[in-house]
Amino acid sequence: MERLTAKDFAPELLELYDYYAHGRINRREFLDRAALFTFGGLTASALLASLSPNYALAEQVEFTDPDIVAEYVSYPSPKGHGQVRGYLVRPAKATGKVPAVVVVHENRGLNPYIEDVARRVAKAGFIALAPDGLSSVGGYPGNDGKGRELQQTVNPEKLMNDFFAAIEWLMKHDASTGKVGITGFCYGGGVANAAAVAYPELGAAVSFCIVLWPPAQRRRRGEDQGASHDSLRRTGHPHQRRMARVRESPESGWHDVRNLHLSGRQPRLPQ
33 MERLTAKDFA
43 PELLELYDYY
53 AHGRINRREF
63 LDRAALFTFG
73 GLTASALLAS
83 LSPNYALAEQ
93 VEFTDPDIVA
103 EYVSYPSPKG
113 HGQVRGYLVR
123 PAKATGKVPA
133 VVVVHENRGL
143 NPYIEDVARR
153 VAKAGFIALA
163 PDGLSSVGGY
173 PGNDGKGREL
183 QQTVNPEKLM
193 NDFFAAIEWL
203 MKHDASTGKV
213 GITGFCYGGG
223 VANAAAVAYP
233 ELGAAVSFCI
243 VLWPPAQRRR
253 RGEDQGASHD
263 SLRRTGHPHQ
273 RRMARVRESP
283 ESGWHDVRNL
293 HLSGRQPRLP
303 Q
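Per our numbering, the sequence shown starts with residue 33, numbered consecutively.
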């Protein structure tokens with residue numbers, strides 16, 4: 033079967049999947065409502081499979097790549113869940129200490145995509161640590177649906193502290209220069225923003241796919257978590273903060289995020 037892309041689906045279906053992916057509706061609710069969009073013999077379950085990530089296709093750096101050394105480690109999180117399992121990847125040919133980056137997953141645990149991102153970071157010459165926020169409940173279960181359910185059961189304050197502990201652990205790591213950055217996706221983007229406020233000494237904080245709603249909008253949406261615009265503005269010098277926003281509908285955003293490149297490490301949009 034030919035691989036489908038975002039343009040092959042109705043915008044309303046993409047938005048429905050976005051609700052499911054971010055935990056606003058459960059799998060049964062998605063399937064019931066997705067039945068309205070079935071076409072060409074595809075069932076609602078088949079639509080869900082087509083919309084779900086294919087981690088094998090997304091992999092860019094193999095676990096056995098000779099340029100990296102990858103292993104699973106455990107690090108302390110005294111204000112979180114005590115001990116956290118993480119995926120640590122180092123450049124194999126580093127001749128001295130190098131900077132480090134914490135890579136934070138979405139709302140479903142340490143999945144194969146995030147591990148691949150950690151390998152990409154290491155291949156670029158940094159130490160990368162991708163914590164598993166589901167360590168306290170047995171770890172990433174091997175599928176995203178169950179992972180989302182598990183992450184909703186984890187104490188959010190302790191979970192945030194687990195990621196903050198990763199920053200502190202890397203700052204003291206023997207192979208690290210002590211200079212640490214953080215990047216995160218979806219839920220992890222919120223963690224990156226919160227870390228930028230909590231740790232002004234961070235070398236960089238890069239947040240993907242998180243919307244910083246103004247306080248009034250957050251109250252209307254029932255959301256009041258993460259770092260606000262004001263708190264980020266108070267952090268660092270003006271040239272250290274860059275924001276880019278996709279203003280179009282979700283299906284347009286999928287296209288733009290998929291084609292996002294940090295060319296020359298310059299921001300796409302002015303501050």
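Even glycine gets a Cβ: it sits at the ideal position worked out from N, Cα and C. Since this is a predicted model, take the numbers as computed values, not measurements.
Residue range of the beta strand (DSSP E) that includes residue i
i, result
"E103", "100 to 109"
"I159", "159 to 163"
"Y119", "114 to 123"
"V134", "130 to 136"
"F95", "Run containing F95: none; DSSP gives neither H nor E here."
"S167", "It is not in any beta strand (DSSP E) - S167 carries neither H nor E in the DSSP assignment."
The ligand FMN heavy atom lying under 7 Å from the CB of residue i
i, result
"P110", "By its list of ligands, the structure shown contains no ligand whatsoever, and the ligand FMN lies outside what it can speak to."
Neighbourhood of residue i by C-beta, 7 Å cutoff - its chain only, sequence neighbours within 5 removed
i, result
"S168", "H113, V186"
"S77", "L63"
"L48", "F62, R65, A66"
"R117", "Y104, S106, D164, S167, G171"
Nearest candidate by alpha-carbon position, reference residue i, set the options
i, options, result
"H205", "P144, A132, M192, G216", "A132"
"A236", "Y219, K211, E61, G222", "K211"
"V134", "V223, P98, P43", "V223"
"H137", "L191, A66, A228, T75", "L191"
"K155", "D176, Y145, A124, P85", "A124"
"G179", "A227, H54, G141", "G141"
"P173", "P144, L161, G157", "P144"
"V4", "A160, V130, R60, Q115", "There is simply no residue 4 to check, as the chain begins at 33 and stops at 303 in what is shown."
"F41", "V101, T70, P98", "T70"
"A230", "T209, N193, G55, A38", "N193"
"A162", "A88, G220, T96", "G220"
8 Å CB neighbourhood of residue i in its chain, flanking five on each side removed
i, result
"Y51", "I57, F62"
"G157", "P123, A126, V130"
"L74", "S82"
Same chain only: Cβ atoms within 6 Å of residue i, ignoring 5 sequence neighbours per side
i, result
"S82", "L36"
"D176", "R140"
"D99", "A124, K155"
Residue i: first and last residue of the uninterrupted alpha helix (DSSP H) it sits in
i, result
"I214", "I214 -> not in any alpha helix (DSSP H); beta strand (DSSP E) instead, spanning 208 to 217."
"A236", "Here A236 belongs to no alpha helix (DSSP H); instead the beta strand (DSSP E) covers 236 to 240."
"F71", "Where F71 is concerned, there is no enclosing alpha helix (DSSP H), given that its DSSP letter is neither H nor E."
"L46", "43 to 53"
"N193", "188 to 203"
"G179", "176 to 183"
"P144", "144 to 155"
Quiz item: Given 8 Å as the limit, is there contact between the stretch 181 to 192 and the stretch 142 to 158, that is, 3 or more CB pairs closer than that?
Solution: no
Quiz prompt | Stretch-stretch touch, CB-based, cutoff 8 Å, three pairs: the stretch 105 to 112 with the stretch 188 to 208 | solution = yes
Quiz item: Do the stretch 91 to 103 and the stretch 215 to 234 meet, that is, are 3 or more Cβ pairs less than 8 Å apart?
Solution: no
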